[in-house]
Amino acid sequence: MTTSTPTPPPGAPRFVAMSTDGSRAVIADSPARDAVALALGAMAQTTAADGKEFTADLWGPVDGSPAEWRYDGRKVFGGTTNSAVTEEIAPALTARDQREFDQRMQTLSAALGRAGITAAATEVASVARPLTAASTRQIAQWLDSARAQ
Numbered sequence: 472m473t474t475s476t477p478t479p480p481p482g483a484p485r486f487v488a489m490s491t492d493g494s495r496a497v498i499a500d501s502p503a504r505d506a507v508a509l510a511l512g513a514m515a516q517t518t519a520a521d522g523k524e525f526t527a528d529l530w531g532p533v534d535g536s537p538a539e540w541r542y543d544g545r546k547v548f549g550g551t552t553n554s555a556v557t558e559e560i561a562p563a564l565t566a567r568d569q570r571e572f573d574q575r576m577q578t579l580s581a582a583l584g585r586a587g588i589t590a591a592a593t594e595v596a597s598v599a600r601p602l603t604a605a606s607t608r609q610i611a612q613w614l615d616s617a618r619a620q
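Heads up: the sequence shown at position 69 corresponds to 540 in the numbering used here, and the numbers run straight through without jumps.
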């Protein structure tokens, strides 16, 4: 039996997780690896809470050649809350860190919305994740002042 590498997703290389159910639906994509990992971690927690699991094909740009795709393999997510695979891809945040991240996401998403800028949640997550609460508020203030002008 031969196994072949799946076909890459359409479009320019970026970090992508695709459904393996035959639909080849993109379930998370972003120019930032962390945003996809965060989205997969959240999906894994949700499915694990239901005692279920899902698989995804992971893709990304080739190091040193961002115009080419690299297949990172198929991963299983969910199952049990403390799944080793889930921890490897997206380490669980402490309850406090998760609350702080959620607040940064809400602040940034609201400010972008007020400014008339639409962005995918994965894009907002990739920006919000490394920010502090103070820097998130500062960015929100800048967006609000730009909208007012």
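Glycine residues also receive a C-beta, built at the ideal position from the N, C-alpha and C atoms.
Note on geometry: alpha-carbon atoms of R541 and E524 lie some 24 Å from one another.
Below 8 Å, too few C-beta pairs join the region 476–487 and the region 575–587 to call them touching: fewer than three.
Counted as a single uninterrupted DSSP element, the stretch harbouring T526 is not any alpha helix (DSSP H) but the beta strand (DSSP E) occupying residues 524–533. Within the region 562–588, the complete alpha helix (DSSP H) segments of 4 residues or longer fall at 566–585, listed in chain order. By the C-beta density criterion, A605 is exposed, having fewer than 16 other C-beta atoms within 10 angstroms.
The region 531–540 and the region 489–501 do not touch, with fewer than three beta-carbon pairs separated by less than 8 Å. The beta carbons of R585 and D543 sit about 37 Å from each other, so the pair does not count as a contact at 8 Å.
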